[in-house]
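Before any comments, here is the structure.
Protein chains in written order, with this note's numbering: chain A, 418 to 529; chain B, -13 to 102.
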């Protein structure tokens, strides 16, 4: 119930394309869903986060889509750039600021 | 705002020695700090949660006597890996949040520990 599943494990996208990463959870007590971006040798950095009272949130080229009934949420990166190449982690927590359960990560490579 | 500084960024130590990693919140007071461990190409595993002025809460399977956590002030938490062994080699990351300032969850830049 604490697990967050994430797919795909790795993703290769051409520059300018759309990158889509999906996550699913079981615990309905989760109410905060952030996405983190991590470059090699660095700590994760918050990209965007959503709460279950909205179905979509957009910040620049990054969009979270949230489906509460399906217990799924996804990250869309529009106009993907080589600089977006990193590992992306979805996460979930029971409340803002509580410790997170992280998904296994997706390694994104954007080809120039 | 909400900067977390972690030091050192990398360290090599000999087997049997102890290593201390510092995590500082630079521009906010962090009532809670979390320590994670990350193996190559894997996700972050929560090791422990520390609240300022109290004992850390360790996750199941984490040896509290091996991974000593101290959160003595609102801006500093330390993780000491005692009697390090090669299997302790990993990437350690801290994160911090504050109840008082409303800041979210900010991660440090991580520490690469190699035990030889």
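Note that CB positions come from ideal geometry on N, CA and C, so glycine has one too.
Within the chosen definition, does the segment 504 to 514 of chain A reach the segment 445 to 463 of chain A through at least 3 CB pairs nearer than 8 Å?
yes
Could you tell me the boundaries of the beta strand (DSSP E) in which residue 35 of chain B lies?
30 to 37
Would you give the residue range spanned by the beta strand (DSSP E) that residue 493 of chain A belongs to?
489 to 494
Going along the chain, which residues of the segment 462 to 490 of chain A sit with their C-beta nearer than 9 Å to a C-beta in chain B?
462, 463, 466
C-beta contact flag for residue -10 of chain B and residue 82 of chain B at 7 Å
yes
When the distance is taken between beta carbons, is residue -1 of chain B closer than 7 Å to residue 94 of chain B?
no
Can you name the start and end residues of the beta strand (DSSP E) that residue 56 of chain B belongs to?
53 to 59
Given that residue 456 of chain A touches chain B, what residues does it touch there, using C-beta distances under 7 Å?
Per Cβ cutoff of 7 Å: no residues; residue 456 of chain A is ~10 Å from chain B at best.
On the DSSP bridge assignment, give the partners of residue 8 of chain B in chain order.
B:-7, B:64
Segment contact flag, the segment 516 to 524 of chain A with the segment 72 to 79 of chain B, C-beta cutoff 8 Å, min 3 pairs:
no
I need the DSSP call for residue 451 of chain A, collapsed to helix, strand or coil.
strand
Once the 5 residues before and after residue 419 of chain A are set aside, which same chain residues still bring their CB inside 7 Å of it?
444, 518
Where the beta strand (DSSP E) containing residue 101 of chain B begins and where it ends:
97 to 101
Counterpart residues of residue 422 of chain A in DSSP-defined beta bridges
A:441
At what residues does the beta strand (DSSP E) containing residue 483 of chain A begin and finish?
479 to 484
Please compile the residues from chain E whose C-beta is within a distance smaller than 7 Å of the C-beta of residue 79 of chain B.
Judged by its chain identifiers, the structure shown contains no chain E, and its protein chains are A and B.
Within 7 Å (strictly less), CB to CB, does residue 519 of chain A reach chain B?
yes
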